[in-house]
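> Here it is, the structure, as structure tokens.
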Amino acid sequence: MDRREFVASLVAGGCAGMCVDLTLFPLDTIKTRLQSQQGFYKAGGFRGIYAGVPSAAVGSFPNAAAFFVTYECAKSLLGAGGAPAAPQAAPVTHMLAASLGEVVACLIRVPTEVVKQRAQASPSSSTYSILLATLREEGVRGLYRGYGSTVLREIPFSLVQFPLWEYLKTLWSRRQGHMLSPWQSAVCGALAGAVSAFVTTPLDVAKTRIMLAKAGSTTASSSIPLVLYDVWRSRGLPGLFAGSVPRVALISLGGFIFLGAYEKVRCTLL
């Protein structure tokens with residue numbers, strides 16, 4: 001990857017992240033409150049639907065930029081000698097590149113996600129006061145609570161979404177005989193996002209529970225399997241898929257905006 005491609009991926013990824021995070025924030029709030037332990041209405045219901053938006057605004061550009069720079073760099077390195085010679089290796093390349101991208105992006109995403117979700121579940125508190133309270137009670141480590149569960153949610157999500165997105169783009173482009181336009185890439189992104197969002201909803205439920213749990217509680221220090229078992233025991237299958245409808249809607253629309261905006265800005269810059 002040369003410098004021009006690096007800058008294009010950085011700017012396009014950051015712009016795409018801000019577009020989707022700020023546009024679809026209300027759906028994200030509804031999803032978080034549906035998944036919270038206290039329940040939708042006790043977590044705020046439809047009140048203060050933009051609670052936590054400053055945290056999302058601060059983190060969205062660097063988070064998405066970090067993901068796409070890592071994704072494109074890894075895809076370039078991993079595919080340099082393999083993908084052109086062996087097309088069947090392309091899905092593996094995309095999976096590995098997306099996984100590396102998520103590990104790096106989560107270093108930025110998790111602190112903003114912790115603050116954002118706590119603000120969404122406590123709309124009477126400001127984002128700044130929640131940040132200060134987290135640092136005072138738990139230190140910097142508190143901002144990274146749920147890092148492992150977030151990575152374990154994002155990697156399976158990316159293992160489905162990005163290879164599927166690349167595959168749908170390749171299939172469509174072959175059928176029409178030329179490269180896809182940004183809106184066509186966006187449609188492929190919406191389909192890939194919807195499938196990925198639904199199958200990984202239980203992991204998202206576990207991540208949300210861990211991030212929102214009171215400091216020092218059993219849930220706060222639990223692993224994903226234990227949290228999922230607790231949700232299954234108390235709320236059954238519906239509990240494991242709590243928030244799946246807004247999550248699928250959020251990520252499907254998000255995939256359309258995110259990947260479409262990314263392709264459009266990147267193509268413009270290149």
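Heads up: the sequence shown begins at 1 in full-length UniProt numbering, then just goes up one per residue.
Ideal placement from N, C-alpha and C gives every residue a C-beta, glycine not left out.
No experiment lies behind these values; they were computed from the predicted model shown.
(1) Who are the near neighbours of PRO246 in its chain, counting only those whose CB is closer than 6 Å to its CB and skipping five residues on each side?
(2) Find the nearest neighbour of ALA57 within the set THR218, PHE68, GLY17, LEU77, judged by alpha-carbon distance.
(3) Might you give, ordered along the chain, the residues of its own chain that have their beta carbon closer than 7 Å to the beta carbon of TYR147, omitting 5 neighbours on each side?
(4) For LYS207, which residues of its own chain have a beta-carbon under 6 Å away from its beta-carbon, when the five flanking residues on both sides are left out?
(5) On the three-state DSSP scale, how would you describe GLY142?
(6) Taking its Cβ as the centre, do 16 or more other Cβ atoms sit within 10 Å of PHE157, making it buried, or is it exposed?
(7) For ARG266, which residues in the same chain have their Cβ closer than 7 Å to its Cβ, ignoring the five residues on either side in sequence?
(8) CB-CB under 8 Å to SER99, same chain, minus the five flanking residues each way: which ones, in chain order?
(9) Within 10 angstroms of the Cβ of SER244, are there 16 or more other Cβ atoms? Answer buried if so, exposed if not.
(10) So what's LYS214 in DSSP terms, helix, strand or just coil?
(11) Under the three-state reduction of DSSP, which class applies to TYR50: helix, strand or coil?
(12) Answer with buried or exposed for TYR262, where buried requires no fewer than 16 other C-beta atoms within 10 angstroms of its C-beta.
(13) How would you call ALA215, buried or exposed, if buried means at least 16 neighbouring beta carbons within 10 angstroms?
(14) Out of GLY59, SER252, ALA97, GLY45, state which residue places its alpha-carbon closest to the alpha-carbon of ALA194.
(15) DSSP three-state label for SER55, please.
(16) So for MET18, helix, strand or coil by DSSP?
(17) Throw me the rounded Cβ distance for the VAL115 and GLY48 pair, which I believe falls under 8 Å.
(18) With distance defined between alpha-carbon atoms, name the residue in VAL103, ALA65, ALA133, ALA220 nearest to TYR36.
(19) With a threshold of 8 Å, are at least 3 pairs of Cβ atoms found where one atom belongs to the region 253 to 260 and the other to the region 181 to 194?
(20) Hey, PRO163 and HIS94: beta-carbon distance below 8 Å or not?
(21) Please name the residue, chosen from GLU5, PHE46, ALA197, VAL92, that lies closest to ALA65 on a Cα-to-Cα basis.
(22) So for ALA261, helix, strand or coil by DSSP?
(23) Please list, in chain order, all residues of the same chain as ALA83 whose beta carbon is under 7 Å from its beta carbon, the five residues on each side excluded.
(24) Does the Cβ of PRO225 have 16 or more other Cβ atoms within 10 Å, making it buried, or fewer, making it exposed?
(25) Taking its Cβ as the centre, do 16 or more other Cβ atoms sit within 10 Å of ASP21, making it buried, or is it exposed?
(26) Classify MET211 as buried or exposed, calling it buried when 16 or more other Cβ atoms lie within 10 Å of its own Cβ.
Inspection of the coordinates gives the following:
(1) Hits under 6 Å: LEU27, ILE30, LYS31.
(2) For the residues THR218, PHE68, GLY17, LEU77, the minimum Cα distance to ALA57 belongs to GLY17.
(3) When the five nearest sequence neighbours on each side are left out, the beta carbons in the same chain lying within less than 7 Å of the beta carbon of TYR147 are those of CYS106, VAL110, in order along the chain.
(4) Once the five neighbours on either side are set aside, the close Cβ partners of LYS207 are GLY146, SER149, THR150, ARG153.
(5) Helix, per DSSP.
(6) Per the 10 Å Cβ criterion, buried.
(7) Excluding positions up to five away in sequence, the list reads ALA8, SER9, ALA12.
(8) Contacts found: ILE155, SER158, LEU159.
(9) Around the beta carbon of SER244, a 10 Å sphere encloses 16 or more other beta carbons of the protein chains shown; the residue is thus reported as buried.
(10) Coil.
(11) Residue state, collapsed to three classes: coil.
(12) Label assigned to TYR262: buried.
(13) So ALA215 ends up on the exposed side.
(14) Closest by alpha carbon: SER252.
(15) Assigned with DSSP and collapsed to three states, SER55 falls in helix.
(16) Here MET18 sits in helix by DSSP.
(17) Going by Cβ atoms, the distance from VAL115 to GLY48 rounds to 15 Å, so no, they are not a contact pair.
(18) As written in the sequence, residue 36 is Ser, which differs from the Tyr given in the question. Comparing Cα positions, the closest option is ALA220.
(19) Yes, the region 253 to 260 is in contact with the region 181 to 194.
(20) It is a contact, given that the beta carbons lie within the stated cut-off.
(21) Closest option to ALA65, Cα to Cα, is GLU5.
(22) Reduced to three states, the DSSP call for ALA261 is helix.
(23) Residue placement at ALA83 is poorly supported in this model, since its pLDDT is 44, which falls under 50; the coordinates are not used for a value here.
(24) It is exposed - the Cβ of PRO225 has fewer than 16 other Cβ atoms within 10 Å.
(25) Buried.
(26) Per the 10 Å Cβ criterion, buried.
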